[in-house]
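Take a look at the structure below.
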Amino acid sequence: MNGYMGKVLVVDLTKHELKDEPLNEQYARDFIGGGGIACRYLVDLANEKTDPLGPDNPLIFMAGLLTGTGGPSFSRWVVAARSPYTTFYGDANGAAHFGSELRFSGYDGIIVKGKSDKPVYLYIKDGKPQLKDAGKLWGKNTYETIEAIRKEYDDQRTRVVCIGQAGENLALLANIMTEDGHCAGRAGMGCVMGSKKLKAIAVRGKAKIPMAEPEKFREFARGAMEEVKTGFVTTVMHETGTAGWVDSGIAYGDTPSKYYTIATMPEATDISGVTQAEKYQVGNTACFGCPIGCRKVLHIKEGRFKTEKPTEGPEYETLIAWGPLLMIADMGAVNRFNTLVNGYGFDSISGGAAVGFAYYLYEKGVITSKDTGGLELKWGDIDVTLKLIDLIAKNEGFGKILQEGTKRMAARYNRPGEAMQVKGLEVPMHDPRAFCCMGLAYATSNRGADHNKSDAYLVENGMGNPDLGLNPGDRFGDDKAPMVALSQDWRSLTDALGICHFAMMSTKSIVDMINASTGWGVDQDAILKAGERIFQLMRATTCMFGVTPKDDQLPEIAMRPIVDSGQEGHVPNMSKMMPEYYEIRGWDSNTGKPTRSRMETLGMNELVRTFAIR
Ligand code: SF4
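Next up, the structure:
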């Protein structure tokens, strides 16, 4: 199988057994890699009765088709399972060096089944996997865990993914973390890992990825590298990282503040990417093969939250979710929150939003200090926020409520419509009233409100893909259904390939590299069709887990206009966009599933019966 290592490792934690299996060639051809193949295996191994925290829920790690090949920013991997957080389809996308090293260790992916009776970790070196005792690692945070494993093998290039205390304590919003603060975030994949008592996976190897035409691949990869290096997005991301969006976000009314009730907090400039670059930034880190290096290393040298050593800085989502969303604009404090949240290993978007929702409910008198264990929740209170982070990670006290997420909180306190979430996943820090396309993207995304499964707001901002016709329009317009669907298909494809969002290269380069790697001879239309196939597979899977059309909507709080802001009082016109989107997608308006004819057009005939599609 050119382009693939051709092998997955199947780990049965109940029996403590390890077995190599050939990668399913048809799945690779149809669903490419990463989330596409992971979801296809999930469909084989789970069903509507699968308990997300039971032994039957598989946890599936899969590298992208191009991950580790040396093309620009080809670093990404996906982990998928039924989500304990949303209860629907769940996956999470990670970067850094784990995906590439997984392939060098001899595997395209790892399928983890069952549940261990004691803490273990998986170590793979040059194609030889072993399950090891993790008793001494249990209780350590993610930084300590990674360091301890590297020390054990005296090898800083051992690449580790792991959970922190949040995953061990079965906090539903737990992440899987890797080096330099990179996470596979959202949807609680770390909680699934914790339920299996799997503390970490560590990989190391020297294997080469087989290529159909290696010389040609290298030539195309060099060209793509040049395209990425000379791009405008690369310059911005290298200088300021994702935090560079803060200043633009303030102008657009796209830095959600005070739990999404105001569009911006002007003091947020104190935590912007530009301020960080000028005052705190001492370096960058980069994922495998990435010429961009968007990750910031900060040194806060003064004030209450000064650090002894430089630390990895917060990304945009964390900056806003633990900053203006809570009415905090203190760079030292947000940096500390970031270090704690990543160390404990939980979702910074959902965590910040849950804390923000608690502040919001407290202000309205819906909850009181009796509910919070004596804590008074006041906007901007850094000390209380620090306590809440601890409680979430420990899954204790009021943290027990917060770790369940805002959908469950809204039900508990009888405030339906006021939790800013879709399908149980909190809306990220791009407001659907600032970019109305994001309303549709959030409402239809397969794992819940998700800015990473569509580039729609980036398209509106001029960072789309002209080769595909993804060009900017009116950010408040209601003609977004075709653009959102296309951007979701494209993102499904690039996630399956293992390409980072920020690596801007021509579609031709991507097609050339796929062909030189696999020998398939595909064209742009064929790869876009594969992108749609993956998106629709995930849609059918999430419907299998219980999603229906009533879940495809924004909450009432998202439809409250905010005038006198960069949002100019706009809200997404969902009643126009959603039927158009259903039509484009070929979704049944009663069940929400892709229709039989759409599944067959995409070559998924054999899955029609699996998903009970009429
Ligand atoms: S742009 Fe950033 S996240 Fe993407 S591959 Fe490069 S360093 Fe990693």
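Numbering (our numbering), first residue to last: 1 to 614.
Cβ atoms here follow ideal geometry from the backbone N, Cα and C, with glycine treated the same way.
Original post:
Do you know offhand how far F611's Cα is from G473's?
Top reply: 36 Å
Subject >> Secondary structure, alpha helix (DSSP H): runs of 4+ residues fully inside the segment 335-392 >> reply: 348-363
Original post:
Going by beta carbon distance, what residues of the same chain come within less than 8 Å of G34, once the five residues before and after it are set aside?
Top reply: M62, A63, G64, L65, T67, R76, W77, V78, N93, D495, A496, L497, G498
Original post:
Can you name, in chain order, every residue of its own chain whose Cβ lies under 6 Å from the Cβ of G569, other than the five neighbours on each side?
Top reply: P561, V563
Original post:
Which whole runs of the beta strand (DSSP E) in the segment 520-565 are 3 residues long or more, in chain order?
Top reply: none
**OP:** Please list the segments of the alpha helix (DSSP H) lying wholly inside the segment 219-250, counting only runs of 4 or more residues, in order along the chain.
**Re:** 232-240
Original post:
Any chance the CB of G293 is under 7 Å from a heavy atom of ligand 1?
Top reply: yes
Original post:
So does the segment 193-202 actually touch the segment 211-224, counting three or more Cβ pairs closer than 8 Å?
Top reply: no
**OP:** Evaluate N414 with the Cβ neighbour count: other Cβ atoms within 10 Å of its Cβ, from every protein chain shown; 16 or more gives buried, anything less gives exposed.
**Re:** exposed
**OP:** Taking only the alpha-carbon atoms, compute the straight-line gap between N2 and S506 and give it to the nearest angstrom.
**Re:** 23 Å
Original post:
Looking at C-beta atoms only, is the number of pairs between the segment 467-482 and the segment 424-444 that lie closer than 8 Å three or more?
Top reply: yes
**OP:** Look at the alpha carbon of F535 and the alpha carbon of F305, and state the distance between them as a whole number of angstroms.
**Re:** 43 Å
Original post:
What do you reckon, is the C-beta of A92 under 7 Å from a heavy atom of ligand 1?
Top reply: no
**OP:** Grab the span of the beta strand (DSSP E) containing T275 for me, first residue to last.
**Re:** Segment 273-279 is the alpha helix (DSSP H) holding T275; no beta strand (DSSP E) there.
Subject >> Cβ shell of W322 (< 6 Å), same chain only, five flanking positions each side left out >> reply: V334, F337, G352
Subject >> chain D within 8 Å of D91, Cβ atoms only >> reply: The chain inventory of the structure shown lacks chain D, comprising one protein chain alone.
Original post:
Going by C-alpha distance, which of D108, T145, S105, E101 is nearest P119?
Top reply: T145
Original post:
Apart from the five residues on each side of it in sequence, which residues of its chain come closer than 6 Å, Cβ to Cβ, to V282?
Top reply: V297, H299, P310
Original post:
In three-state terms, what does DSSP make of T507?
Top reply: helix
Original post:
Should the segment 550-560 be called in touch with the segment 416-424, which here means at least 3 C-beta pairs below 8 Å?
Top reply: yes
**OP:** Would you mind working out which of S100, P84, A96 sits nearest T69, comparing C-alpha positions?
**Re:** S100
Subject >> CA-to-CA distance, T264 to G249, given in whole angstroms >> reply: 8 Å
Original post:
Whole-angstrom Cβ separation of N175 and G185, contact assumed at under 8 Å?
Top reply: 5 Å
**OP:** Since I believe P466 is in contact with A449 (beta carbons under 8 Å), could you give me their beta-carbon distance rounded to a whole number of angstroms?
**Re:** Actually they do not touch by this definition, with Cβ atoms about 27 Å apart.
**OP:** Have a look at the DSSP bridge pairing and note the partners of R295.
**Re:** T285
**OP:** Using three-state DSSP, classify R412 as helix, strand or coil.
**Re:** helix
**OP:** May I ask you to check if the CB of M237 is nearer than 7 Å to at least one heavy atom of ligand 1?
**Re:** yes
Original post:
Below 8 Å between beta carbons: does that hold for C121 and L137?
Top reply: The identity of residue 121 in the sequence shown is Tyr, whereas the question assumes Cys. Against a cut-off of 8 Å, the Cβ pair of L137 and Y121 comes out as a contact.
Original post:
Is any heavy atom in ligand 1 found nearer than 7 Å to the beta carbon of C183?
Top reply: no
Subject >> Residue from F502, I527, H501, C500 with nearest C-alpha to K508 >> reply: I527
Original post:
How long is the line joining the alpha carbons of L486 and Y280, rounded to whole angstroms?
Top reply: 39 Å
Subject >> With 16 other Cβ atoms within 10 Å as the buried cut-off, status of K113 >> reply: buried
**OP:** Compare the Cα-Cα distances from L377 to each of C543, M327, P129, F31 and report the closest residue.
**Re:** M327
Original post:
Does the Cβ of F288 have 16 or more other Cβ atoms within 10 Å, making it buried, or fewer, making it exposed?
Top reply: buried
**OP:** Using only alpha-carbon positions, find the residue among N461, Y41, S445, K576 that is nearest to V8.
**Re:** Y41
Original post:
Are D347 and L537 close, meaning C-beta to C-beta below 8 Å?
Top reply: no
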